[in-house]
Every structure is written in structure tokens, then in C-alpha cells.
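There are 2 protein chains.
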Amino acid sequence: MSTPTARPATLDDVARAAGVSRSTASRVIAGTGFASPAARDRVGAAADRLGYVPNPAARALVRGAGVRLVIAVSGEDAGVLDDPYVDRVVGAAARICAPHGVGVALEWLPLRGPNALRRLGEDRGVCGVVLVNTTHPVLDAVPARLRGRVASIGIGSPTVPSFDVDNGGGADAVLRHLYDSGRRRIAMVTGPRWLTCAGRSVAAYRALMRSAGLPVRLVTGDFSAARGGRAALETLTRWPDTDAIFAASDATALGAISALRGRGIRVPGDVAVAGFDDIPYAAVSTPALTTATHPVRRIAAAAATAVLDGRRVPPVTAFPSTLVARESA
Amino acid sequence: MSTPTARPATLDDVARAAGVSRSTASRVIAGTGFASPAARDRVGAAADRLGYVPNPAARALVRGAGVRLVIAVSGEDAGVLDDPYVDRVVGAAARICAPHGVGVALEWLPLRGPNALRRLGEDRGVCGVVLVNTTHPVLDAVPARLRGRVASIGIGSPTVPSFDVDNGGGADAVLRHLYDSGRRRIAMVTGPRWLTCAGRSVAAYRALMRSAGLPVRLVTGDFSAARGGRAALETLTRWPDTDAIFAASDATALGAISALRGRGIRVPGDVAVAGFDDIPYAAVSTPALTTATHPVRRIAAAAATAVLDGRRVPPVTAFPSTLVARESA
DNA sequence: CGCACACCTGAGAGCGCTACCACCACAAGC
DNA sequence: GCTTGTGGTGGTAGCGCTCTCAGGTGTGCG
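Those protein sequence lines, which keep their order, are chains L and X. Position one of the first sequence corresponds to residue 1 (this note's numbering), numbered consecutively onward. Position one of the second sequence corresponds to residue 1001 (this note's numbering), numbered consecutively onward.
Okay, here's the thing in C-alpha cells:
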């Protein structure tokens, strides 16, 4: 019923208890190779009885596998690791990894210096890397050992599969909603300029403005609420007749609404504001935020799964984004 | 400058390159035992040149150390893992663990069945556990192998150190603010009933109400926005003259404000609403949320550090919580 | 009857590392 | 001279597991 000693059971203990060799026990536990039903039953029973859990370190050592999945986040400085978005990615990945006996580590990957991935390549403890907000130089410098064990949330490359929300589709849905509700002077507060994947929504914005014959009004943001507030004010200063702001993130939108309210500008009365992400607080903000969904957890889980499985996956997986029309636009 | 082969360098490679034995190289790298300055220099140089990174699996195997820190979250069901609060804990822990070559895994620890920790005790891959929202039965069933390698965010026990925000102090600061601004019919929406640590703020509420001779109006919540909205409405139904609601979390407060607004009740005009946590969105909500700080990341980082170091720490570490007075109360 | 070909099993090497132990050189003390 | 350190070093046994390889026991077939 319980382990005789304080020491956790090893495969040897299980084999002895089941009356088979370590090899056979290993085969049964790992589910590889041949094993008679009888042996299978006895080993299974012994493992249960002793509460046997394989030692992932030993397993990783002999298989050369690694025990750690690294979430590598690029950005200006290590402060990007303090982002709620990054937290959600890490949380979702940590949940996926747990049953595999794999842990998740969070590191900042500087934009300069493509050698950062090299260190992770040398570290045999690393079984895979999920890149977040990365850039092409990084994608092009994947060490040989990590080939096929890297996924990217955002842009990808021929060798690194990409997982992301359909930025263009989501932006398009929001912008059309803005247009359909009569807005004609629509400005956009973007994500950081260096972030290529954020460019998709900007492209959708430009395309729609052009096809509708409307002016393009772009202000660079960084996904943060603080920057969103400043960007909204800047927008109204440069183009006072703006009647709608599309923010690249909900945080930005919330910051914009707050700043606008501080200036006595009504939302959505004077200016409609829409975001992107549909964070949990979007539904209970005042006014309730109109936005497009961004299934961060599902994206992160898919990226982690791809790395863990090491299977071939399509080069690009885009998760659909749908409009959530509430009150702010 | 670079590894000659595609295979990452091993300690043997370093030793050979430095012209010393593997033992000496190990001593220098691990920083244990004697080593002459000359040997130290040569090994260090060789390690740099080869880009040597120790294999954490091998190290863990021989030291019997474990490579994974498990964040074990208790709650009604596995859905608690989807909480932004949990995400922040995991993010902060993952950041602390990365330099140690340790990964973080996220698991749900059912409230029933104290044997859940037993499995983690049998798993030699687990180097420590951080309990979140746990209960006494779990704390009293720590397996021998994990003794001294468990920390709790929330309540602790004689053997498991506790790290938490000063719930009582934070609640007290918010409630006094409510009282000082003239509110006299103050209701509270609590956290889940089974969560003992949440009881501290309830105790502070009861104490203040009693000493001020005010009526106690308690409604049970669960920290969520949805429940917060329903709880606020319930409060106003049961006690229509309520002029302030203290919510045990910002999400709850935001939900309450949203629901109140839906009923045409003005915040803070008719009812003041205050939260607890000071989440990033509290500053940009409408009205800006009055709340008390809750340094989740610092708490999680401290808990992870304690587990990683394995050093003795004080049984209780309470992080101060301060009032952030904004518009909602 | 022998031979191929399943299916199944156990011995044993070895993944990369640390830690124990034996050893060596040299200095100090009787 | 011999002992007793003291600082430094290398040999080597394993940590717990997987996986290859050499067998060993059946069945079907020429």
C-alpha cells in the first residue's frame, strides 16, 4: 500500500516487486517494445502499489531529452516579462507541460544579439523554446540541436512554425463594425513598431481605409494602458475630428478611454473606442469594451504542445478572432 | 570560438580542453572543494570557449535534486488554473527559476484527498512545491522528501512557511477610507468561504464594523467579476440603504460596478465601491478603482526563492498592503 | 525434422555529472 | 628521520533510466 522506505520507488524496486527484469519493467512503463499481457499486468500493479513515478532527470539524461521548456520573450528590456499577456502564455504552457514532467522557464531574449538562442542550444536541459514577440534575426539563428523544437507566438519562419491570432481578421472585424456604425474618422493606436506580427492589423487598417477612401491616422503604441492614454490624447490633438479609435490591445483601449474621460470626451458619444484581446475585464469595464477575441491560452497551449510533441506542424496556425460588440463602439 | 561538433559540450570536453581531470573541472564549475587558481582559470576559459552549460538532468540525477518546481493550486475544480492571479504567480516563479535551470509546472490540487501531495513526493523530478490557496489538511500531509521544500501562498503551518499580503491591514486601510469619507452602511463581498486566508480581511471588516457600531453585511463571493456583479445586486436587494461595497478583489469590484451601473446606480455617487489587489486595469477603469495593493509577483517570487534555496525562512512573511485612493470610493 | 520467424525477456552499457576516497607534494613539528 | 597536516588532484562508483543486443520460447511451413 505504501513505500517501505522514505525514498521514492525506483524502476528497480518495481521490477523486483513484479518479478521481472528492469528492462521489462522499463518497457511496460514507457510503453515501448514488446511485453506479454501477464508482465504488463504485474508491472502495472507493482508500480501502482509502490506509487512509482519515473525520475524525469534520469529519463532525460539517457534520452538526451531535456526537462525544461523555455518561454523566450523579446522586447526592449527585461520589463516585458512583467506583462499580463506573458503571464497568460506562461500559465497556459505550464499547465500543458506538467503531465509531461516538463517545467517552464521564462527568459528575456534581447533583440540585439542573435546568440541568445545559442546558449539555450548548448543547454541540454532545454527541451524546447517558445518564442514570444520575436524578430527574424532570432528565427534565423536557431541552433541545430533545437531544430524542430522551437515554436513562435507571432511571426514564424520556414523552420519555425508560427502560432498566432488572426490579427488581420480580428482588426478587420472591429474596423468594419466601426464603419458600419457610422464612424468615418477612424484612428489606430498600434503595437510597437519593431513587432512584425502587430503589422498585420495595421495592414488591415490601411487596406480598409484605402478601400473606403478614408484618411489614415496612425499613432504608435506599445500595448500598454499608459501609452494608450497618451496616444489617444495625441490623436485628438493632431486630428480633432477623430470619431473612433481602434487600439491594438484592450489595455491600450482602456487607457485611451480613461484619458479621454479625463478630457471630458464621451465614449462612445464623441469618440468610439475599440480594443483587441477581449481580456476578462473588457466585459465589466465602463463602458463595456467592444473588442475582438484573442485566445492567448489556446495559442500558447498549441505552441507548447507542438514543441513537446516535436511533430511536424503546419508553418502557420492562425486562430480566428471574432468581434465582441459591447458599448464602447 | 564555437563548438567543433553539433553536440553541446560536456564536462569531459571542458576537462580535456583545460588539461585537467573531470573531477577538477567539476569542482571549478560547481564551485565546490579545492582548486588552484591556475586550474580555475584554465577550466573557466575552456568552458567559455566551448560554450559549456552543465546538463541539469545529469546534475539533478546524481544529486537527487529535482528539476521542476510545482505550483499546486487548490480550488473547486481545475478551472482555478485559468485565473489571472494564478498566471501572475506562475510568471513570477518561472522568472525566478530560470537562472537555476529549474522549470515551473502548474497543477490543480483537489481539496479532497490529501494524497495529492504524495504523488509529488514520489516524483523525484519535483524539487519543490508552492501551494496556492491551500487548506490545512494539505499542509499537514507533506511527504518526508518534500519537507522544507514547500512554501504556501496564503495560510501556512508549523512546517510550511507562508507568504501572503497583509490581508487584514489592506482591508483595514480600505475600510477606514470608506468610513472617513462618510460611508456608514458598508457591505463586503468576500472570497470563497473555504479559503482561510481570505478570512483575515473578513475579520478586519467585522472588527471595524463592531468597533464603529455599524451593521455587518456579508455576501460570499469567489474573487470573480461575474460573481461580484451578482453579489452587488444581492447586497442592494437585501440592504437597500447600503452606501459602500468593499470587494475582496478588484475583479469582484469591477464586476460590482458594472452591475450597479446596469441598474442605474451611480458609483461612487450612490454607492462607493472599493477593491483589493490594484491590478493594472484598476487605474484606468471608470471610475478609477479605489483599492489596496497586493504585490502578487513579489510574493510569488519570495515563495519560489524560499523553496529553491531550501533555507529556513520565518514561518510567516506578510507583505504590506497600502491604500490606493482613486475615484470609485 | 529443421528452419525461419514471430514474440518476449534479461544482461549490460552508458547518458553527464558529483562525491567519495586515495593519493601526491610540500611544509611544519617532534 | 618520521609523523601530521594542508592544499590540490585524479580515479572511479554510482544516480535511475533507456536501449541495444543476444538469447529463449513458441508457432507455421517446407
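By construction, the Cβ of each residue, glycine as well, lies at the ideal position given by its N, Cα and C atoms. The model shown is predicted, which means the values in this text are computed figures rather than measured ones.
- prompt: Of all Cβ atoms in chain X, is any one closer than 7 Å to the Cβ of threonine 5 of chain L?
  reply: Here residue 5 of chain L refers to the residue found at position 5 when the first sequence is read from its first residue. Reliability fails at threonine 5 of chain L, whose pLDDT of 49 lies under 50, so the model's placement of it is uncertain and the value that follows must be treated cautiously. Cβ-Cβ to chain X under 7 Å: no for threonine 5 of chain L.
- prompt: What is the DSSP secondary structure of proline 8 of chain L, reduced to helix, strand or coil?
  reply: As a first step, residue 8 of chain L is located in the first sequence; it is residue number 8 there, counting from the start. Looking at proline 8 of chain L - three-state DSSP - the assignment turns out to be coil, as it is neither helix nor strand.
task: Just the chain X side, please: which residues come within less than 8 Å of aspartate 41 of chain L by C-beta, in chain order?
output: Residue 41 of chain L sits at position 41 when you count from the first residue of the first sequence. Near aspartate 41 of chain L there are no residues of chain X at all, since even the closest Cβ is about 21 Å away, more than 8 Å.
- request: Round the Cβ separation of valine 1070 of chain X and valine 1138 of chain X to the nearest angstrom and send it over; I've been treating them as touching at under 8 Å.
  value: Looking up residue 1070 of chain X in the second sequence gives position 70. Looking up residue 1138 of chain X in the second sequence gives position 138. Actually they are not in contact, since the Cβ atoms of valine 1070 of chain X and valine 1138 of chain X sit about 13 Å apart, beyond 8 Å.
field: Three-state class that DSSP yields for aspartate 1250 of chain X in the structure shown
entry: To locate residue 1250 of chain X, count along the second sequence from 1; it is residue 250. In this structure, aspartate 1250 of chain X counts as helix in the three-state DSSP scheme.
task: Assuming arginine 227 of chain L contacts threonine 190 of chain L (C-beta within less than 8 Å), just tell me the rounded distance between them.
output: Position 227 of the first sequence, counting from 1, holds the residue named residue 227 of chain L. Position 190 of the first sequence, counting from 1, holds the residue named residue 190 of chain L. Their Cβ separation, rounded to whole angstroms, is 10 Å, which puts arginine 227 of chain L and threonine 190 of chain L out of contact at 8 Å.
field: Other residues of its chain near arginine 42 of chain L: CB distance less than 8 Å, five sequence neighbours each side excluded
entry: As a first step, residue 42 of chain L is located in the first sequence; it is residue number 42 there, counting from the start. Correct list, in chain order: Ala18, Gly19, Val20.
task: Quick one: residues in its chain with C-beta nearer than 8 Å to the C-beta of threonine 196 of chain L, no 5 flanking neighbours on either side, listed in chain order?
output: If you number the first sequence from 1, residue 196 of chain L lands on position 196. Once the five neighbours on either side are set aside, the close Cβ partners of threonine 196 of chain L are Thr135, His136, Gly154, Ile155.
Buried or exposed (CB count within 10 angstroms, at least 16 for buried), valine 316 of chain L: Along the first sequence, one-based indexing puts residue 316 of chain L at 316. Under this definition valine 316 of chain L is an exposed residue.
field: Bridge partners - threonine 291 of chain L, DSSP secondary structure assignment
entry: Within the first sequence, residue 291 of chain L is the residue found at index 291, counting from 1. In the DSSP output, where bridge partners are listed per residue, threonine 291 of chain L has L:Val324.
- prompt: Could you give the distance in angstroms between the alpha-carbon of serine 1258 of chain X and the alpha-carbon of alanine 58 of chain L?
  reply: Numbered from 1 along the second sequence, position 258 holds the residue referred to as residue 1258 of chain X. Numbered from 1 along the first sequence, position 58 holds the residue referred to as residue 58 of chain L. C-alpha separation (whole angstroms): 53 Å.
field: Inter-residue spacing [alpha-carbon to alpha-carbon] between methionine 1 of chain L and arginine 312 of chain L
entry: For the purposes of this step, residue 1 of chain L is taken as residue 1 along the first sequence, with counting starting at 1. For the purposes of this step, residue 312 of chain L is taken as residue 312 along the first sequence, with counting starting at 1. Residue placement at methionine 1 of chain L is poorly supported in this model, since its pLDDT is 39, which falls under 50; the coordinates still yield a value, given next. Spanning the two alpha carbons is a distance of roughly 42 Å.
query: If the cut is a Cβ gap below 9 Å, which residues of chain X does arginine 119 of chain L touch?
result: Here residue 119 of chain L refers to the residue found at position 119 of the first sequence. What arginine 119 of chain L touches in chain X: Gly1051, Val1053.
- prompt: How would you label arginine 210 of chain L, buried or exposed, when you count the other beta carbons within 10 angstroms and need 16 or more for buried?
  reply: Looking up residue 210 of chain L in the first sequence gives position 210. Exposed.
task: Check whether the Cβ atoms of glycine 103 of chain L and arginine 68 of chain L lie closer than 7 Å to each other.
output: Against the first sequence, residue 103 of chain L aligns to sequence position 103. Against the first sequence, residue 68 of chain L aligns to sequence position 68. Their beta carbons are under 7 Å apart, which means glycine 103 of chain L touches arginine 68 of chain L by this criterion.
query: Got a sec: is the Cβ-Cβ distance from methionine 1 of chain L to anything in chain X below 7 Å?
result: In the first sequence, counting from the first residue as 1, residue 1 of chain L sits at position 1. Residue confidence is low: methionine 1 of chain L scores 39 on pLDDT, short of 50, so the model does not pin down where it sits. No coordinate-derived value is stated.
CA-to-CA distance, histidine 1100 of chain X to glycine 1066 of chain X, given in whole angstroms: In the second sequence, residue 1066 of chain X corresponds to position 66, counting from 1. In the second sequence, residue 1100 of chain X corresponds to position 100, counting from 1. Using only the alpha carbons, I get a separation of about 11 Å.
task: Flag this pair as touching only if the segment 281-290 of chain L and the segment 301-311 of chain L have three or more C-beta atom pairs under 8 Å; answer yes or no.
output: no
message: Please identify, using Cβ separations under 9 Å, the residues of the segment 11-33 of chain L that lie next to chain X, in order along the chain.
response: none
- request: Take the Cβ of proline 314 of chain L as the centre, count every other Cβ of all protein chains shown within 10 Å, and call the residue buried at 16 or more, exposed below.
  value: Sequence index remark: in the first sequence, residue 314 of chain L carries index 314 (1-based). Proline 314 of chain L should be labelled exposed.
field: Collapsed DSSP secondary structure at alanine 187 of chain L in the structure displayed
entry: As a working mapping, residue 187 of chain L is identified with position 187 in the first sequence. Strand, per DSSP.
- prompt: Nearest to isoleucine 186 of chain L by CA position, among L:Asn55, L:Gly33, L:Ala329, L:Ser23, is which residue?
  reply: In the first sequence, residue 186 of chain L corresponds to position 186, counting from 1. Here the closest residue by C-alpha is L:Ala329.
- prompt: With respect to the beta strand (DSSP E) encompassing serine 1074 of chain X, which residues constitute its N-terminal and C-terminal limits?
  reply: Here residue 1074 of chain X refers to the residue found at position 74 of the second sequence. 1068-1075 is the extent of the beta strand (DSSP E) around serine 1074 of chain X.
field: Coil, strand or helix - threonine 24 of chain L by DSSP
entry: Here residue 24 of chain L refers to the residue found at position 24 of the first sequence. DSSP places threonine 24 of chain L in helix when its eight states are reduced to three.
task: Thinking glycine 1168 of chain X and serine 1201 of chain X are a contact (beta carbons under 8 Å), I'd like their distance in whole angstroms, please.
output: Numbered from its first residue, the second sequence carries residue 1168 of chain X at position 168. Numbered from its first residue, the second sequence carries residue 1201 of chain X at position 201. Their Cβ separation, rounded to whole angstroms, is 6 Å, which keeps glycine 1168 of chain X and serine 1201 of chain X in contact under 8 Å.
task: Can you grab the Cα-Cα spacing for the pair alanine 303 of chain L / arginine 119 of chain L, in whole Å?
output: Working through the first sequence from its first residue, we reach residue 303 of chain L at position 303. Working through the first sequence from its first residue, we reach residue 119 of chain L at position 119. One C-alpha to the other measures close to 21 Å.
query: Quick one: which chain L residues come within Cβ less than 8 Å of serine 1258 of chain X?
result: The residue labelled residue 1258 of chain X in the question sits at position 258 within the second sequence. Neighbours of serine 1258 of chain X on chain L, chain order: Ala283, Val284, Ser285, Thr286, Ala288.
- request: Kindly indicate if chain X contains any beta-carbon less than 7 Å away from that of cysteine 127 of chain L.
  value: Taking the first residue of the first sequence as 1, we reach residue 127 of chain L at position 127. It does not; no Cβ of chain X falls within 7 Å.
message: Relative to the C-alpha of glycine 213 of chain L, which candidate in L:Asp83, L:Leu146, L:Arg183 has its C-alpha closest?
response: Numbered from its first residue, the first sequence carries residue 213 of chain L at position 213. Selected option, being the one with the closest Cα: L:Arg183.
- request: Check whether the Cβ of glutamate 76 of chain L lies closer than 7 Å to any Cβ atom in chain X.
  value: Here the question's residue 76 of chain L lines up with position 76 in the first sequence. False, the Cβ-Cβ gap to chain X never drops below 7 Å.
message: Using the Cβ count rule (16 or more neighbours within 10 Å means buried), how would you classify arginine 159 of chain L?
response: Locating residue 159 of chain L in the first sequence gives position 159, counting from the first residue. Here the sequence assigns threonine to residue 159 of chain L, which means arginine is not the residue at that position. Exposed is the call here.
Whole-angstrom C-beta distance between tryptophan 1108 of chain X and leucine 1081 of chain X, which should lie under 8 Å: Within the second sequence, the letter at position 81 stands for residue 1081 of chain X. Within the second sequence, the letter at position 108 stands for residue 1108 of chain X. Right, their Cβ atoms sit about 6 Å apart.
field: Beta-ladder partner(s) of isoleucine 153 of chain L, from DSSP
entry: Within the first sequence, residue 153 of chain L is the residue found at index 153, counting from 1. Beta-bridge pairing links isoleucine 153 of chain L to L:Val132, L:Phe163.
- prompt: Is the segment 273-280 of chain L touching the segment 288-307 of chain L in the sense that three or more CB pairs, one from each, lie closer than 8 Å?
  reply: yes
- prompt: Closest Cβ-Cβ distance between alanine 1198 of chain X and chain L: below 7 Å?
  reply: One-based indexing of the second sequence puts residue 1198 of chain X at position 198. No, its Cβ sits nowhere closer than 7 Å to a Cβ of chain L.
- prompt: Is the Cβ of alanine 1060 of chain X closer than 7 Å to any Cβ of chain L?
  reply: Taking the second sequence and counting its residues from 1, one reaches residue 1060 of chain X at position 60. With 7 Å as the cut-off, alanine 1060 of chain X counts as an interface residue toward chain L.
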